[in-house]
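> If you read the protein sequences in the order shown, they are chains Z and S. For the first sequence, the UniProt record's numbering gives the first residue as 1, with consecutive numbering after it. For the second sequence, the UniProt record's numbering gives the first residue as 1, with consecutive numbering after it. A virtual CB, placed ideally from N, CA and C, is assigned to each residue, including glycine. Here the structure is a predicted model, which means the values were calculated and not measured. Quick one: this structure, given as structure tokens, is what I'll be asking you about.
There are 2 protein chains.
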Amino acid sequence: MKDEFEFIDQIKPASHHQPSLVMGIGDDAAVYTSTQGMREVVCVDTMIEGVHFTKETLSPNQIGRKALAINVSDLAAMGAVPRFYLVSIAIPAVWEDEEVNDLYKGMQEVADRWKMDLIGGDTVSAKEALVITVTAIGQVEEGVSLYRSQAAPGDIVFVTGPVGSSAAGLELLLEKGRHASFNKSESELVLMHQQPEPQVEAGRLCAGTQARMSLNDISDGVASEASELAVASEVSITLQADKIPFHPALDEVVKGQEKKLAFAFNGGEDFQLIGTIEKTAFSSFLENALRAGIQIYPIGEVKEKAEHPVFIKDKDLIEPLQKGGFNHFKK
Amino acid sequence: MKDEFEFIDQIKPASHHQPSLVMGIGDDAAVYTSTQGMREVVCVDTMIEGVHFTKETLSPNQIGRKALAINVSDLAAMGAVPRFYLVSIAIPAVWEDEEVNDLYKGMQEVADRWKMDLIGGDTVSAKEALVITVTAIGQVEEGVSLYRSQAAPGDIVFVTGPVGSSAAGLELLLEKGRHASFNKSESELVLMHQQPEPQVEAGRLCAGTQARMSLNDISDGVASEASELAVASEVSITLQADKIPFHPALDEVVKGQEKKLAFAFNGGEDFQLIGTIEKTAFSSFLENALRAGIQIYPIGEVKEKAEHPVFIKDKDLIEPLQKGGFNHFKK
Numbered sequence: 001m002k003d004e005f006e007f008i009d010q011i012k013p014a015s016h017h018q019p020s021l022v023m024g025i026g027d028d029a030a031v032y033t034s035t036q037g038m039r040e041v042v043c044v045d046t047m048i049e050g051v052h053f054t055k056e057t058l059s060p061n062q063i064g065r066k067a068l069a070i071n072v073s074d075l076a077a078m079g080a081v082p083r084f085y086l087v088s089i090a091i092p093a094v095w096e097d098e099e100v101n102d103l104y105k106g107m108q109e110v111a112d113r114w115k116m117d118l119i120g121g122d123t124v125s126a127k128e129a130l131v132i133t134v135t136a137i138g139q140v141e142e143g144v145s146l147y148r149s150q151a152a153p154g155d156i157v158f159v160t161g162p163v164g165s166s167a168a169g170l171e172l173l174l175e176k177g178r179h180a181s182f183n184k185s186e187s188e189l190v191l192m193h194q195q196p197e198p199q200v201e202a203g204r205l206c207a208g209t210q211a212r213m214s215l216n217d218i219s220d221g222v223a224s225e226a227s228e229l230a231v232a233s234e235v236s237i238t239l240q241a242d243k244i245p246f247h248p249a250l251d252e253v254v255k256g257q258e259k260k261l262a263f264a265f266n267g268g269e270d271f272q273l274i275g276t277i278e279k280t281a282f283s284s285f286l287e288n289a290l291r292a293g294i295q296i297y298p299i300g301e302v303k304e305k306a307e308h309p310v311f312i313k314d315k316d317l318i319e320p321l322q323k324g325g326f327n328h329f330k331k
Numbered sequence: 001m002k003d004e005f006e007f008i009d010q011i012k013p014a015s016h017h018q019p020s021l022v023m024g025i026g027d028d029a030a031v032y033t034s035t036q037g038m039r040e041v042v043c044v045d046t047m048i049e050g051v052h053f054t055k056e057t058l059s060p061n062q063i064g065r066k067a068l069a070i071n072v073s074d075l076a077a078m079g080a081v082p083r084f085y086l087v088s089i090a091i092p093a094v095w096e097d098e099e100v101n102d103l104y105k106g107m108q109e110v111a112d113r114w115k116m117d118l119i120g121g122d123t124v125s126a127k128e129a130l131v132i133t134v135t136a137i138g139q140v141e142e143g144v145s146l147y148r149s150q151a152a153p154g155d156i157v158f159v160t161g162p163v164g165s166s167a168a169g170l171e172l173l174l175e176k177g178r179h180a181s182f183n184k185s186e187s188e189l190v191l192m193h194q195q196p197e198p199q200v201e202a203g204r205l206c207a208g209t210q211a212r213m214s215l216n217d218i219s220d221g222v223a224s225e226a227s228e229l230a231v232a233s234e235v236s237i238t239l240q241a242d243k244i245p246f247h248p249a250l251d252e253v254v255k256g257q258e259k260k261l262a263f264a265f266n267g268g269e270d271f272q273l274i275g276t277i278e279k280t281a282f283s284s285f286l287e288n289a290l291r292a293g294i295q296i297y298p299i300g301e302v303k304e305k306a307e308h309p310v311f312i313k314d315k316d317l318i319e320p321l322q323k324g325g326f327n328h329f330k331k
């Protein structure tokens, strides 16, 4: 590993996107100006080698991309515009300088996409596993509240895109490793695991909607995220099995509805958004989405609080859907 | 380890200090309102078990205290008022629930002292060593700029309190372990290592000073921090050996000026502030400090850029002071 000061000089961006940045990397703390009429939105997430990824499933570049993307996804779920990020990284001696550079490049690629500036961080040496913690900061208009607690009976449950792809991609990677040869559809699934796209535009669409809405990003699988919405809102949610959207590549690679549903419900890291919206506002929400080129898929309905937070309905069968516990329908 | 959701419920504060907090723990990201006329100040720091601390030198409570304090110290060095913090923690299986609770309690004790609210975080399992990353957020008035780059020849160099105590305390801990019996002065040094006090009030005093000023917190030893100021400002700094302030307990435990200076220059984690101020403003700065009950110690002078960033002067001897490299004066 290089000298810490050399390293900081190297990752320090030559220019920045955000004109509101007053002091970036190079002092005790970063300083920036907030925007009138906007609130600050901030989150943090950690990825650990051997727990959240291995070099067998993600390249260093992809580890960097993902470490930032999971945080951008959290900002998206609040309807926020991403602005800044800070990176704290613990690097074991076995990591080559070039791999660490690739990791930072991966973050920067995601950052440039959303005009985010790297404004601080910390670099330390680790004994064993690489640990990367990213803090992301964004802003959202005062009055926007896309909180988990805002679902009410009668609302429509929606997702912003296909789900289950990332989990299917991970299964392929765990089976074969990332250097294996995959067919076209398999490669698509693998890439959806390795380089998930945070749904910032969809989050902004939701932020611009006047209706009462709740919103969550899908990092832990649809069952878990729907459950969070239901519990926080003190309601129950019934999902329609046949409405869950799948990517064509998932249809191609995975035969059998139940296995695809298992990926969608139990798997995670799709980084689509799941939300609820009052029924009367749904059609104009759909129209706005269409105009913005964003797909919205209704997948269920909010009901009164029940003995379980989430149910799954398939034809005439209704069953409780446990977090991470979807296996198959009892017939 | 408990279920993650139970754990989050447990650390979620029942009330908060900051009325500007809109959404704390419990959604995808935290949301707060910035204050008109103030800028946002943010920093992040990581501590790793076995690298930055062990259970032999710090209790779980003290690990928590320190993890937050090092960040509060960075905010102080920008003249900021602390407001919020986020905690990302990777916990190995060998850590007991009670130890983790004590660690969070330690953070909360520091947080309550500064009226900071815990507003987010991430909890993951680690394989081997505990890793704790704290993001701290504060605010400072527009127009305040206590940056490292603002020193100029003729300025007076000052510190806000005794230095070297933390390093001396660490040496005692590494020799004997924290459960050993120490005499009164030794115990004071040990405590100054284990529970350093960030100098928020001194930082605010500096923020209120109209004069041109540079400021840094002393996390890596006076030699290193003075060097950062000198390099960033393209000047050199000459420190007076006989002006470096020591705590009475350090005078008591460590005999010999040179060893005390070595602790001050090479040791770290005193979390006092080191800064420079234009000469003409120094006496009124001192008066204001006195009124606020804050000690300010002049320890040297800023000079033109030279072949080394920092020099140490002892009587008639002047020598370059290397980062971490102070041994003794060549006689």
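Residues of chain S with a CB under 7 angstroms from the CB of Z:Gly120: which are they?
Val42, Cys43, Val44
> Given this structure, state the Cα-to-Cα distance separating S:Glu171 from S:Pro196, to the nearest angstrom.
15 angstroms
> Return the CA-CA distance between Z:Ala241 and S:Glu56, expressed in angstroms with no decimal places.
54 angstroms
> Could you check how far apart the C-beta atoms of Z:Gly164 and Z:Gly267 are, in whole angstroms? I think they sit under 8 angstroms.
Their Cβ separation, rounded to whole angstroms, is 6 angstroms, which keeps Z:Gly164 and Z:Gly267 in contact under 8 angstroms.
> Z:Ile48 touches chain S at which residues, Cβ-Cβ below 9 angstroms?
Ala90, Val124, Ser125, Ala126, Lys127, Val131
> Thinking C-beta only, is Z:Gly138 closer than 8 angstroms to Z:Pro92?
no
> So S:Lys105 packs on S:Asn61, CB below 8 angstroms; how close in whole Å?
6 angstroms
> Whole angstroms is fine: what's the gap from S:Asp45's alpha carbon to Z:Glu307's?
43 angstroms
> Rounded to the nearest angstrom, what separates S:Asp74 and Z:Arg148 at their Cα positions?
33 angstroms
> Hey, out of S:Pro320, S:Ala207, S:Glu142, S:Leu250, whose CA is closest to S:Thr276's CA?
S:Ala207
> Does any residue of chain S bring its CB to less than 8 angstroms from the CB of Z:Ala207?
no
> Evaluate the contact criterion for the segment 216-230 of chain Z versus the segment 127-143 of chain Z: three or more CB pairs, one atom per stretch, below 8 angstroms.
no
> Beta carbon of Z:Ile318, beta carbon of Z:Leu239: below 8 angstroms?
no
> Whose C-beta lies closer than 7 angstroms to the C-beta of Z:Glu99 among residues of the same chain, with five residues either side of it excluded?
In the same chain as Z:Glu99, and ignoring 5 residues on each side of it, the C-beta atoms closer than 7 angstroms to its own belong to Pro60, in chain order.
> Would you please verify whether the beta carbon of S:Ile137 is less than 8 angstroms from any beta carbon of chain Z?
Yes, because at least one Cβ of chain Z sits closer than 8 angstroms to the Cβ of S:Ile137.
> Relative to the alpha-carbon of S:Val302, which residue among S:Gly203, S:Ile296, S:Phe311, S:Arg204 has its alpha-carbon at the smallest distance?
It is S:Phe311 whose Cα lies nearest to the Cα of S:Val302.
> So, are the CB atoms of Z:Ile132 and Z:Ile89 less than 8 angstroms apart?
yes
> Flag this pair as yes or no: are the beta carbons of S:Leu86 and Z:Val140 separated by less than 8 angstroms?
In this structure, Z:Val140 does not lie closer than 8 angstroms to S:Leu86 by Cβ.
> DSSP three-state call for S:Gly121: helix, strand or coil?
strand
> DSSP three-state label for S:Met192, please.
helix
> Please list, in chain order, the residues of the segment 52-78 of chain Z that have any C-beta partner in chain S closer than 9 angstroms.
For the segment 52-78 of chain Z, the set of residues with a beta-carbon nearer than 9 angstroms to any beta-carbon of chain S comprises His52, Asn71, Ser73, Asp74, Leu75, Ala76, Ala77, Met78, in chain order.
> S:Asp217 touches chain Z at which residues, Cβ-Cβ below 7 angstroms?
Asp28
> In the structure shown, what three-state DSSP assignment does S:Phe182 receive?
coil
> Within 8 angstroms of any Cβ in chain S, is that where the Cβ of Z:Met1 sits?
Because the pLDDT of Z:Met1 is 46, which lies under 50, any placement of that residue in the model is unreliable, and the number read from its coordinates should be weighed accordingly. Not closer than 8 angstroms to any Cβ of chain S, the Cβ of Z:Met1 fails to qualify, so no.
> With 8 angstroms set as the bound, which would you pick, yes or no: does the beta-carbon of S:Ala80 sit closer than that to a beta-carbon of chain Z?
yes
> Can you give the Cα-Cα distance for S:Phe265 and S:Pro320, rounded to whole angstroms?
12 angstroms
> Answer with buried or exposed for S:Lys331, where buried requires no fewer than 16 other C-beta atoms within 10 angstroms of its C-beta.
No answer about S:Lys331 holds up, because its pLDDT of 42 lies below 50 and its placement is not dependable.
> From S:Val22 to S:Phe84, what distance separates their C-alpha atoms?
12 angstroms
> What three-state label does DSSP hand Z:Gln10 in the structure shown?
helix
> Please go through the same chain and pick out, in chain order, the residues whose beta-carbon is closer than 7 angstroms to the beta-carbon of S:Glu201, but skip the five residues on each side of it.
Ala292, Ile294
> Please classify Z:Glu49 as buried or exposed, where buried requires at least 16 neighbouring CB atoms within 10 angstroms.
buried
> Could you spell out the range, first to last residue, of the alpha helix (DSSP H) harbouring Z:Phe285?
282-291
> If we count the other Cβ atoms within 10 Å of its Cβ and call it buried at 16 or more, is S:Ser284 buried or exposed?
By the beta-carbon neighbour count (other beta carbons within 10 angstroms, threshold 16), S:Ser284 is exposed.
> Is any beta-carbon of chain Z found at less than 8 angstroms from that of S:Ser34?
Taking 8 angstroms as the CB threshold, S:Ser34 lines the interface with chain Z.
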